[in-house]
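Remarks on the structure that follows.
Protein chains: 4
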Amino acid sequence: MHSFGRLFRVGLFGESHGPAVGVLIDGCPAGLPLGPKDFAADLDRRRPGARGTTARREADEPGFLSGVFDGRTTGTPLLIRFENADRDAAAYEAIKITPRPGHADFVAGVKFGGFQDYRGGGHFSGRVTVGLVAAGVVAKRLIRPVAIGARLVEAGGETEIDRAVEAVLRDGDSIGGIVECTAQDVPAGLGEPFFDAAESLLAHVVFAIPGVRGIEFGAGFQAARMRGSEHNDPIVDVKGRTATNHAGGIAGGITNGNPLVFRVAVKPTSSLPRPQATVDLRTGEPGRIVAAGRHDACLALRMPVIIEAATAIVLADLMLLEQRIPRVRKDG
Amino acid sequence: MHSFGRLFRVGLFGESHGPAVGVLIDGCPAGLPLGPKDFAADLDRRRPGARGTTARREADEPGFLSGVFDGRTTGTPLLIRFENADRDAAAYEAIKITPRPGHADFVAGVKFGGFQDYRGGGHFSGRVTVGLVAAGVVAKRLIRPVAIGARLVEAGGETEIDRAVEAVLRDGDSIGGIVECTAQDVPAGLGEPFFDAAESLLAHVVFAIPGVRGIEFGAGFQAARMRGSEHNDPIVDVKGRTATNHAGGIAGGITNGNPLVFRVAVKPTSSLPRPQATVDLRTGEPGRIVAAGRHDACLALRMPVIIEAATAIVLADLMLLEQRIPRVRKDG
Amino acid sequence: MHSFGRLFRVGLFGESHGPAVGVLIDGCPAGLPLGPKDFAADLDRRRPGARGTTARREADEPGFLSGVFDGRTTGTPLLIRFENADRDAAAYEAIKITPRPGHADFVAGVKFGGFQDYRGGGHFSGRVTVGLVAAGVVAKRLIRPVAIGARLVEAGGETEIDRAVEAVLRDGDSIGGIVECTAQDVPAGLGEPFFDAAESLLAHVVFAIPGVRGIEFGAGFQAARMRGSEHNDPIVDVKGRTATNHAGGIAGGITNGNPLVFRVAVKPTSSLPRPQATVDLRTGEPGRIVAAGRHDACLALRMPVIIEAATAIVLADLMLLEQRIPRVRKDG
Amino acid sequence: MHSFGRLFRVGLFGESHGPAVGVLIDGCPAGLPLGPKDFAADLDRRRPGARGTTARREADEPGFLSGVFDGRTTGTPLLIRFENADRDAAAYEAIKITPRPGHADFVAGVKFGGFQDYRGGGHFSGRVTVGLVAAGVVAKRLIRPVAIGARLVEAGGETEIDRAVEAVLRDGDSIGGIVECTAQDVPAGLGEPFFDAAESLLAHVVFAIPGVRGIEFGAGFQAARMRGSEHNDPIVDVKGRTATNHAGGIAGGITNGNPLVFRVAVKPTSSLPRPQATVDLRTGEPGRIVAAGRHDACLALRMPVIIEAATAIVLADLMLLEQRIPRVRKDG
């Protein structure tokens, strides 16, 4: 499905060069104050602009087609649409014949029998994440006072992010990065044993973000190299606070009241300002493709707010399930 | 939910020291030959016995309560039950008061208000994964000729697994490990853009396994340190084969016909043969707990077959969705 | 949820007097030719105009915001939006205080804490069924050559529909009616025993239509008055054709290859051109409300195409599940 | 799926002549006192015994394989199993060749390719409803003080039930009936507009019961013959109480606080103590079948408790969703 969530259900739609992208949210409680200005900060964080991000310019003005009335959510489906203005589809004709390495061009052709909207990656485009960020804005308000913060802690293997970006721009190449996400004040008891483990749900949504290659909670891959006597987090009080947090705030798939901590590996941008080797699907012979369009040199730069959105969506769903968010927000 | 899957739906039940554990599979096609002997090899791989695994002994004989008739699946719900024989619940009384670090004892108490079956971790126990392995056996048969293989590639930070296990046994401690899983002959086109990305579904089920701390596909966390020119997998033929496989067989959330490759980080066993610091929930004072019961020194040793099962369950679901598995298996 | 379906999933959004209504379809196969003109006939049948239907006028021009490219479906989410033009919200202020009998005004206030869009019933309005009809257009194309036909067989207890409508218009009142729906060439084998019985799914979607009060399959309520020797349908050939069709084309929850037949009871329109007794929510005293806005005298007149849509949506889902509709429509 | 529900999810398994039937309940709150004796009354009402019901005898002793500990639910999946003792499968050989009219024998063969457990109808058997009744027992406790009562109001077209049953037994035939179900003290606000309308969910589960042919809410089919001025229920107080209840306690798909009322049409038992015409699947020629096994002359006699269970399951799910049932029952 192109939707996720049991009680706070988020469905994404749209293509990079179609008329619009957006999100349909089903299950948002009624009474939540919501207006375009609430979205500005997060959309700005996702929007390109900084060095190393794409030159595509979109106003990203949220249009509420349903579910908001008199400045508050109504409790019925909430449709938020973003128009696509800065479209330049002609640039993408070549990828039908010579699919771009690292992109979904080839698999989309196989899966959808050649009927996919190939322009700019179509529905596979990172452009579609604007809807995810919008859903995250709503979710973040719902889960207050839980506070989520993600930041890029490493780019191209270095912690000096700006320097790494400058270097790769100079070289006409791209780099990836690692984003760390933390959530404070998460109540204990969210998640289920086994299939709806908190990690399962978080990883599910995080891997829905194009470009993610790995996720680890708490000590993560390093845990596999620790001894149990070192890795176990001693419980220090009756609220379950632990002396260390190697578990990343989750035990047995359930949040334990300590800060939620995970890290996400983001691959280097697949589109490069240089020719790349691929196959010519007409002839079966080797081909070359120059990634047209406008691209990030380091797509991880724009990732933190998207990963925050993924986290907020999962927490909103779990907090509704545990009845920690009321179905009607009288308070605002 | 305690179930997963859209067309091949797997629901787990049971507690470590209850009467039984097992799995209810909904959506298994009719006509698949299935008998107890088909389960022996995988159950053996999961069953303890080797050095470093728990001393608990269970026959693990699958009982088909429904869904199998005359040696074949009927197309209606398939219930497989495993009786719990080797139960020794008395050993667990202390954990109500002094919850074990690294275990779900504390969060289970919070979430279920003290009504959880705490004996041996109850429904949070690794014992419940026997049902997952059983579902994996069914799924593996459905997805043939797709072949899944997982193995422990590192334990306690070392590649010499046996030596690492001997060392930790000697020290009265525990270690974790890293499991690598590969699937060959996966058809291209499985998965969806965004929420049902192949990585999303695989990570969802893999994190449902107790003890998993991280997952990475293809180059994984290392991808975050590569440049795009190095990381991109050049496409070399019209079937989409790539010269390298840094993507791990998935592009845009869709399998691309190359081998599926991912790695899973498993934490060190939380139960240790030595006292551990915790809190006394009656007094709020520091307490100590000795993990009673029987435990693995390296639970990663038994993980490969469980991770294979998780993979097979996801692939069965996706292959049914893409109509690559018929609803009736006439062939056997 | 405001969506329905396992493989062909339909989600409705919008309010009577909001900016737009529409439908998000997830799971539509790729390659299906689709353009605005394909919707004209069914939207016309739903659109008011005949004697006895509301005076509200909407162009009902489908806008494809996503999921259609070069005149065919892409296989990714299909968003169809209809703008609301003929809005006259001022007429509805009174219903906040004096909820209309037979409408959802009162329950919406309770459920959504007063935050609902009350204008014209908001999301509870029959206006939202335009999205259902649009989804039905897509579904009908998918299930070809299965052919669905519904018609009004009784209005206000009479079979002479026009006469009944004239009479009720003269009296300034409203009437209900009974719609019979038939589907020809339905393949045998659709549906599941128990929860996804074909009747369960059809009834689920049919009762989602505002104003429906009952549904019966085949002999229906009359079956409860027949003897088994009379009611049983003798099987007459190896294709399962039966001499009679008291079962309405379904046995054990599964279609049996005979025509699918069911009847739906539609209540009289709740809005009347005369004052009605209600309560004044401010005072608790008796109040009166005159249904402002524009309404059908017999909403059953516009029901057949909506019930056809409900039927087509269910059949599309079940036929995809049984792999009787391919995931890519190469044929058009 | 063979399961139903969003928060209180019920999955049925088992075959008439397999080892066991039962139910897996996912999402039952923790802390609910539950023991075998709680099931006795409802299982007795479903169990045959009265004149006109089958001679099959089953102890119907519920076995809790998981999810109950120290006499209370644990919050994790609850598996209740009923062993099949009184099996006499030999009687069913003939139906492979000459499928019984009115039964699922023919469609099961088509759908499952001949691999179905045909004995006694297999998974299509009314025997499987014992699991539904068991789930209903749990649900009824959860929704207290909501009280559900169903009764047979008509059998074979007559209100003198006993006389109708005696007559049909004398004639060696079968009859159907009509069951009326009422729920008192249902809170207002349950259900959603459109797809999860309260009627949609109730009808979904009611039609999952073998033998149901129709359902109507409130005035039902009679509403289609009323005028709006007569049918509308005037609201008489600020709690939404109405002077009449033609709506059956539901407006706009949402419960309105008045009693929930609906009626269900049950067909006459398909199995008759006399030969019936069918086809011989080997030859395509007309065949005859005598329904072997043991059967009800009026299966509607045992329906009320099953319909109550269906109602309770839906209400439990909706009340959990509206946070009217806590996730942990401290009170018992």
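Chains as they are written, first to last, in numbering that gives the first Met the number 0: chain A, 0 to 331; chain B, 0 to 331; chain C, 0 to 331; chain D, 0 to 331.
Here a beta-carbon is modelled for each residue, glycine too, at the ideal position from N, C-alpha and C.
Checklist entry - What is the DSSP secondary structure of Asp316(D), reduced to helix, strand or coil? => result Working through the fourth sequence from its first residue, we reach residue 316(D) at position 317. Here Asp316(D) sits in helix by DSSP.
Checklist entry - Can Lys110(A) and Gly26(C) be called in contact, C-beta distance under 8 Å? => result On the first sequence, residue 110(A) is found 111 positions in, with the first residue counted as 1. On the third sequence, residue 26(C) is found 27 positions in, with the first residue counted as 1. No, these two residues do not count as a Cβ contact at 8 Å.
Checklist entry - If you follow the alpha helix (DSSP H) that Glu321(D) is part of, which residue opens it and which one closes it? => result Within the fourth sequence, the letter at position 322 stands for residue 321(D). Counting along the chain, Glu321(D) sits inside no alpha helix (DSSP H), nor does DSSP assign it H or E at all.
Checklist entry - Is it buried or exposed for Asp116(B), if we count other Cβ within 10 angstroms and need 16 for buried? => result Position 117 of the second sequence, counting from 1, holds the residue named residue 116(B). When all chains shown are included, Asp116(B) counts as buried.
Checklist entry - Is DSSP giving Gly119(B) helix, strand or coil here? => result Residue 119(B) sits at position 120 when you count from the first residue of the second sequence. DSSP places Gly119(B) in helix when its eight states are reduced to three.
Next on the checklist: Out of Pro98(A), Arg118(A) and Leu78(A), which one is the CA nearest neighbour of Asp85(A)?
Outcome noted: For the purposes of this step, residue 85(A) is taken as the residue at position 86 of the first sequence. If we check each option's Cα against that of Asp85(A), Arg118(A) comes out closest.
Next on the checklist: Taking only three categories from DSSP, how would you classify Thr310(B)?
Outcome noted: For the purposes of this step, residue 310(B) is taken as residue 311 along the second sequence, with counting starting at 1. Thr310(B) falls in the helix class under three-state DSSP.
Next on the checklist: Below 7 Å, is the gap between the Cβ of Val278(D) and the nearest heavy atom of the ligand HEM?
Outcome noted: In terms of ligand content, the structure shown is empty, and the ligand HEM therefore cannot be addressed.
Checklist entry - Taking C-beta to C-beta, are Ser270(A) and Arg99(A) nearer than 8 Å? => result To locate residue 270(A), count along the first sequence from 1; it is residue 271. To locate residue 99(A), count along the first sequence from 1; it is residue 100. Closer than 8 Å, so yes.
Checklist entry - Anyone know if the C-beta pair for Val137(D) and Leu33(D) falls short of 8 Å? => result In the fourth sequence, the residue the question calls residue 137(D) occupies position 138. In the fourth sequence, the residue the question calls residue 33(D) occupies position 34. Yes, they are a contact pair.
Item to check | Where the alpha helix (DSSP H) through Ile174(A) begins and ends | outcome: Your numbering for residue 174(A) matches position 175 in the first sequence. No alpha helix (DSSP H) holds Ile174(A); DSSP gives it neither H nor E.
Next on the checklist: With distance defined between alpha-carbon atoms, name the residue in Lys238(A), Gly175(A) and Ala222(A) nearest to Val221(B).
Outcome noted: In the second sequence, residue 221(B) corresponds to position 222, counting from 1. Residue identity differs from the one stated: residue 221(B) is Gln in this sequence, not Val. Nearest of Lys238(A), Gly175(A) and Ala222(A) to Gln221(B), Cα basis: Gly175(A).
Item to check | Neighbour-count burial assignment, Pro303(B), 16 or more Cβ in a 10 Å radius | outcome: The residue given as residue 303(B) occupies position 304 in the second sequence. So Pro303(B) counts as buried.
Checklist entry - Beta-carbon separation of Val211(C) and Gly130(C) under 8 Å? => result For the purposes of this step, residue 211(C) is taken as residue 212 along the third sequence, with counting starting at 1. For the purposes of this step, residue 130(C) is taken as residue 131 along the third sequence, with counting starting at 1. No, the pair does not count as a contact, with Cβ atoms beyond the cut-off.
Checklist entry - Where does Gln183(D) land, buried or exposed, given buried means 16+ other C-beta within 10 angstroms? => result Within the fourth sequence, numbered from 1, the residue matching residue 183(D) stands at position 184. Gln183(D) comes out exposed.
Checklist entry - Touch check for the region 139-151 of chain D and the region 221-235 of chain D: three-plus C-beta pairs under 8 Å? => result no
Checklist entry - Using a Cβ-Cβ distance under 8 Å, would Val235(C) count as near chain D? => result In the third sequence, the residue the question calls residue 235(C) occupies position 236. Yes, because at least one Cβ of chain D sits closer than 8 Å to the Cβ of Val235(C).
Checklist entry - Shorter than 8 Å from the beta carbon of Gln183(D) to some beta carbon of chain C? => result Looking up residue 183(D) in the fourth sequence gives position 184. For Gln183(D), the answer is no, since every Cβ of chain C falls outside 8 Å of its Cβ.
Checklist entry - What residues from chain B crowd round Leu2(A), counting only those whose CB sits closer than 7 Å? => result In the first sequence, counting from the first residue as 1, residue 2(A) sits at position 3. Here residue 2(A) is Ser; the residue named in the question, Leu, does not match the sequence. Going along chain B in sequence order, the residues near Ser2(A) (Cβ under 7 Å) are Phe194.
Checklist entry - Assuming Phe193(C) contacts Val127(D) under a Cβ cut-off of 8 Å, what Cβ separation, rounded to an integer in Å, is found between them? => result The residue you call residue 193(C) lines up with position 194 of the third sequence. The residue you call residue 127(D) lines up with position 128 of the fourth sequence. Right, the Cβ-Cβ distance comes to about 7 Å (below 8 Å), so this counts as a contact.
Next on the checklist: Can you tell me whether Thr310(D) is buried or exposed? The criterion is at least 16 other CB atoms within 10 Å of its CB, across all chains shown.
Outcome noted: Sequence index remark: in the fourth sequence, residue 310(D) carries index 311 (1-based). Buried is the call here.
Next on the checklist: Using C-beta distances below 8 Å, list every residue in its chain close to Asp279(B), excluding the 5 sequence neighbours before and after it, in chain order.
Outcome noted: Here residue 279(B) refers to the residue found at position 280 when the second sequence is read from its first residue. These residues qualify, in order along the chain: Ile96, Thr97, Pro285 and Gly286.
Checklist entry - Within 10 angstroms of its Cβ, does Pro35(D) collect 16 or more other Cβ (buried), or is it exposed? => result Within the fourth sequence, residue 35(D) is the residue found at index 36, counting from 1. Answer is exposed; the Cβ neighbour count stays below 16.
Item to check | Contacts that Arg326(D) makes with chain A (C-beta to C-beta distance below 7 Å) | outcome: Working through the fourth sequence from its first residue, we reach residue 326(D) at position 327. Within 7 Å Cβ-Cβ: Glu321 and Gln322.
Checklist entry - Would Arg5(D) count as contacting chain A if we go by Cβ distances under 8 Å? => result Looking up residue 5(D) in the fourth sequence gives position 6. Output row for Arg5(D): interface = yes.
Checklist entry - Which residues in chain D sit within 7 Å of Thr75(A), going by Cβ to Cβ distance? => result For this step, residue 75(A) is matched to residue 76 along the first sequence. By Cβ distance, chain D contributes Pro192.
Item to check | Per-residue DSSP class, three states only, for Gly125(A) | outcome: For the purposes of this step, residue 125(A) is identified with residue 126 of the first sequence, where counting begins at 1. In the three-state DSSP reduction, Gly125(A) falls in the helix class (H, G or I).
Next on the checklist: Less than 6 Å between C-beta atoms, sequence neighbours within five positions excluded: which residues of the same chain meet that for Val289(A)?
Outcome noted: Start at 1 with the first residue of the first sequence, and residue 289(A) comes out as number 290. Result list for Val289(A): Pro274, in chain order.
Item to check | Alpha-carbon to alpha-carbon, Gly125(A) and Asp104(A) | outcome: Taking the first residue of the first sequence as position 1, residue 104(A) is located at position 105. Taking the first residue of the first sequence as position 1, residue 125(A) is located at position 126. Taking the straight line from one Cα to the other gives about 13 Å.
Next on the checklist: Taking contact to mean 3 or more Cβ pairs, one atom from each stretch, closer than 8 Å, check whether the region 246-262 of chain D and the region 66-80 of chain D are in contact.
Outcome noted: no
Next on the checklist: So with CB distances below 9 Å, who are the chain B contacts of His203(D)?
Outcome noted: Residue numbering aside, residue 203(D) sits at position 204 when the fourth sequence is read from its first letter. Result: empty, since nearest Cβ-Cβ is about 16 Å, beyond 9 Å.
Next on the checklist: By the three-class DSSP mapping on this structure, what secondary structure does Ile96(D) have?
Outcome noted: For this step, residue 96(D) is matched to residue 97 along the fourth sequence. DSSP places Ile96(D) in coil when its eight states are reduced to three.
Item to check | Proximity winner among Val313(D), Thr277(D) and Gly30(D), relative to Gly239(C) (alpha-carbon distances) | outcome: In the third sequence, residue 239(C) corresponds to position 240, counting from 1. Closest by C-alpha distance to Gly239(C), out of Val313(D), Thr277(D) and Gly30(D), is Thr277(D).
Checklist entry - Does the Cβ of Lys329(A) have 16 or more other Cβ atoms within 10 Å, making it buried, or fewer, making it exposed? => result Taking the first sequence and counting its residues from 1, the one referred to as residue 329(A) is at position 330. By the neighbour-count rule (16 or more Cβ atoms within 10 Å), Lys329(A) is not buried but exposed.
Next on the checklist: Just to check my reading of the structure: Thr52(D) and Arg301(D) have Cβ atoms closer than 8 Å, yes? What is that Cβ distance to the nearest angstrom?
Outcome noted: As a working mapping, residue 52(D) is identified with position 53 in the fourth sequence. As a working mapping, residue 301(D) is identified with position 302 in the fourth sequence. Their Cβ separation, rounded to whole angstroms, is 6 Å, which keeps Thr52(D) and Arg301(D) in contact under 8 Å.
Next on the checklist: Taking its Cβ as the centre, do 16 or more other Cβ atoms sit within 10 Å of Ala40(D), making it buried, or is it exposed?
Outcome noted: Looking up residue 40(D) in the fourth sequence gives position 41. Burial state of Ala40(D) is exposed, judged by a 10 Å Cβ sphere holding fewer than 16 other Cβ atoms.
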